[in-house]
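Below is one structure, written out as structure tokens, with a few remarks after it.
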Amino acid sequence: MNLRHIVCAAVFLGLLSCAGGGNAGLEEGEWTVFRGETSLSGSTALPLPRNPRLRWSATTGVRTVASPVVRDGVAYTVSRRGLLRGVALSDGSEVFSKDLGAFVEATPMIADGVIYVGTIDGSLLALHLPDGALLWEFASEGQISSAPMPAGYAGEDAVLFGSYDNYLYTLRRSDGSLLSKFETGYYLNGAVAVADRYAAYGGCDQWLRVIDLEAGVQTDSLLLDSYVPGSPVFRDGAAYVGDYGGDVYGIALEDGKIAAASKVYAASSEQDASSVGLPAVGAKQVYFFTGGRSLACVSRKDGKRLWTTMLKGPVGESSPMECRNGVLVCTKSGIISILDAGSGEVRWEYDAGEDILGCPAILPGGFLVVTAKGTLLCFEES
């Protein structure tokens, strides 16, 4: 379905209730997939510390693109050279280390005591935790930069990921056997967004595709104005996606079909507005990077621009996170900022001194950020 043939309408949606963070400590938090949940919404009910301080840092000194994941009091990072490392949330001490023997850019996923990692040479590895024993390996025919995602598929517990061989794969989680694969026109960079029985993903062929996971079939597709370097996100029965040209789309879905679509934000070419990061979609607002170094906020109801804040340095490949009491952003230049969601005012900043490419992990009482040099930073309330 081409966007030009869709009757464009603003996506008008209600509030999605989220589980609260409670008063649990950092060590009790979990962040087991890229962006914390399979919908990839970039929104959490967990609050940020009002006055964050650095609790600890742990470094490998090795280039790292993937974002951290957390389970059972351990934060896991994987370097581009394939060093998978786990550190204790309590103090940053190393409790796990395994050399995967392959380069890695994709954020891992943890489910049922297993960590899944995609490699540049095209393999998806399933490793038992906490000992790191290899359970199975599946070989695609292209690079895996897509973070794997858990989902139910045709009654099976599955893992979904995209490859540079132009296919989206669904594998049985227990043994890595192939359940199905969906062909696209070009590379798949981003993770698949999953909500209820539907999955959505975008690719370098400019198409957004929707799959019914229960039926195992593609239900609809939408041609965008430019390719999708990242992922769509789900919120309240709608999908939101940014393309490389800087446009952000809101897409209403009904039973897996595209009912309406509009540009929440239309970039102008003179803004140098190419975008790689994902939007963050809250109950009422959409946040996204624009112009190479700004965070913008628009209303979900009518697309009205609410504010734009210039950040200190280029935004790079990270994505914003809306939390209960603010918006957390990381720039490529290493500046970590908390902004007021209502006004865009910067309330807190920290200079990591190193580039940041990944997305933060939000936990009860704090958050984690990994730098491009492999330094994992843990922040908590002062």
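Here this note's numbering is used: the first residue of the sequence shown is 1210, the next is one more, and so on. Glycine included, each C-beta is placed from N, C-alpha and C at the ideal position. Note that the structure is a prediction, hence the values are computed from the model and not measured.
Given this structure, state the Cα-to-Cα distance separating residue i from residue j, to the nearest angstrom.
| i | j | result |
| --- | --- | --- |
| Pro1258 | Gly1574 | 6 angstroms |
| Gly1411 | Cys1506 | 22 angstroms |
| Arg1172 | Gly1562 | In this structure the chain extends from 1210 to 1591, so residue 1172 is not present and cannot be described. |
| Leu1537 | Asn1375 | 33 angstroms |
| Asp1560 | Thr1517 | 21 angstroms |
| Leu1431 | Trp1557 | 39 angstroms |
| Gly1491 | Asp1511 | 14 angstroms |
| Asn1232 | Glu1590 | Model confidence at Asn1232 stands at a pLDDT of 37, short of 50, so the residue's coordinates are unreliable and nothing is read from them. |
| Gly1230 | Ala1402 | Its pLDDT being 36, under 50, Gly1230 is placed unreliably in this model, and the coordinates cannot settle the point. |
| Asp1414 | Ser1302 | 43 angstroms |
| Lys1541 | Leu1298 | 24 angstroms |
| Asp1308 | Leu1293 | 6 angstroms |
| Tyr1325 | Leu1338 | 10 angstroms |
| Thr1580 | Leu1566 | 7 angstroms |
| Cys1587 | Gly1486 | 22 angstroms |
| Leu1504 | Val1242 | 24 angstroms |
| Leu1208 | Leu1433 | Limits of the chain in this structure are 1210 at one end and 1591 at the other, which puts residue 1208 out of reach. |
| Leu1397 | Ser1477 | 26 angstroms |
| Gln1352 | Gly1551 | 40 angstroms |
| Val1426 | Asp1366 | 17 angstroms |
| Met1519 | Pro1569 | 20 angstroms |
| Arg1509 | Ile1420 | 24 angstroms |
| Ser1448 | Ala1409 | At residue 1448 the sequence reads Ala, which differs from the Ser that was named. Those two C-alpha atoms are separated by around 8 angstroms. |
| Met1358 | Ala1400 | 7 angstroms |
| Ala1424 | Tyr1373 | 25 angstroms |
| Leu1380 | Lys1582 | 32 angstroms |
| Ala1264 | Leu1585 | Strictly speaking, residue 1264 in this sequence is Arg, with Ala absent from that position. About 11 angstroms. |
| Phe1576 | Val1437 | 28 angstroms |
| Ala1489 | Gly1310 | 34 angstroms |
| Leu1344 | Arg1289 | 22 angstroms |
Compare the Cα-Cα distances from residue i to each of the options and report the closest residue.
| i | options | result |
| --- | --- | --- |
| Thr1253 | Asn1534, Tyr1458, Thr1580 | Asn1534 |
| Leu1336 | Phe1347, Lys1472, Ile1329 | Phe1347 |
| Thr1269 | Asn1260, Gly1291, Gly1361, Asn1398 | Gly1291 |
| Val1304 | Gly1310, Gly1295, Ala1311 | Gly1295 |
| Ser1484 | Thr1393, Arg1509, Asp1456, Ala1468 | Asp1456 |
| Gly1446 | Tyr1436, Asp1452, Ala1424, Ala1469 | Ala1469 |
| Gly1341 | Gly1322, Gly1327, Ser1355 | Gly1322 |
| Ile1319 | Gln1352, Ala1356, Ser1546 | Ala1356 |
| Ser1349 | Leu1263, Ser1332, Glu1314 | Ser1332 |
| Val1578 | Ser1527, Met1519, Ser1552 | Ser1527 |
| Ala1363 | Arg1382, Asp1564, Leu1572 | Arg1382 |
| Val1495 | Thr1316, Asp1384, Gly1553 | Gly1553 |
| Arg1280 | Asp1300, Leu1343, Trp1240 | Trp1240 |
| Glu1531 | Lys1521, Ile1571, Arg1514, Thr1499 | Ile1571 |
| Cys1539 | Ala1475, Glu1237, Asp1564 | Asp1564 |
| Thr1393 | Leu1377, Asp1384, Ala1404 | Leu1377 |
Where do the N-terminal and C-terminal ends of the beta strand (DSSP E) with residue i fall, by residue?
| i | result |
| --- | --- |
| Ala1570 | 1570-1572 |
| Val1171 | A query on residue 1171 cannot be resolved here, the shown segment of the chain reaching from 1210 to 1591 and no further. |
| Ala1335 | 1332-1337 |
| Arg1294 | 1292-1297 |
| Tyr1449 | 1447-1451 |
| Pro1261 | 1261-1268 |
| Thr1584 | 1584-1590 |
| Pro1359 | 1358-1362 |
| Leu1515 | 1514-1519 |
| Val1426 | 1426-1432 |
| Glu1531 | 1530-1532 |
| Trp1345 | 1343-1348 |
| Phe1576 | 1575-1579 |
| Ala1504 | In the sequence as displayed, the identity of residue 1504 is Leu instead of Ala. Counting along the chain, the beta strand (DSSP E) containing Leu1504 begins and ends at 1503-1508. |
With a cut-off of 8 angstroms on the beta carbons, I'd call residue i and residue j a contact; round off their distance for me.
| i | j | result |
| --- | --- | --- |
| Val1287 | Ala1275 | 5 angstroms |
| Pro1529 | Gly1501 | Incorrect: roughly 15 angstroms between the Cβ atoms, too far for contact. |
| Asp1429 | Lys1466 | 5 angstroms |
| Leu1422 | Gly1361 | 6 angstroms |
Mind the definition here: the segment 1436-1447 touches the segment 1384-1391 only if three or more C-beta pairs lie below 8 angstroms; say whether that holds. no
Between the segment 1458-1465 and the segment 1260-1268, can you find at least three pairs of beta-carbon atoms closer than 8 angstroms? no
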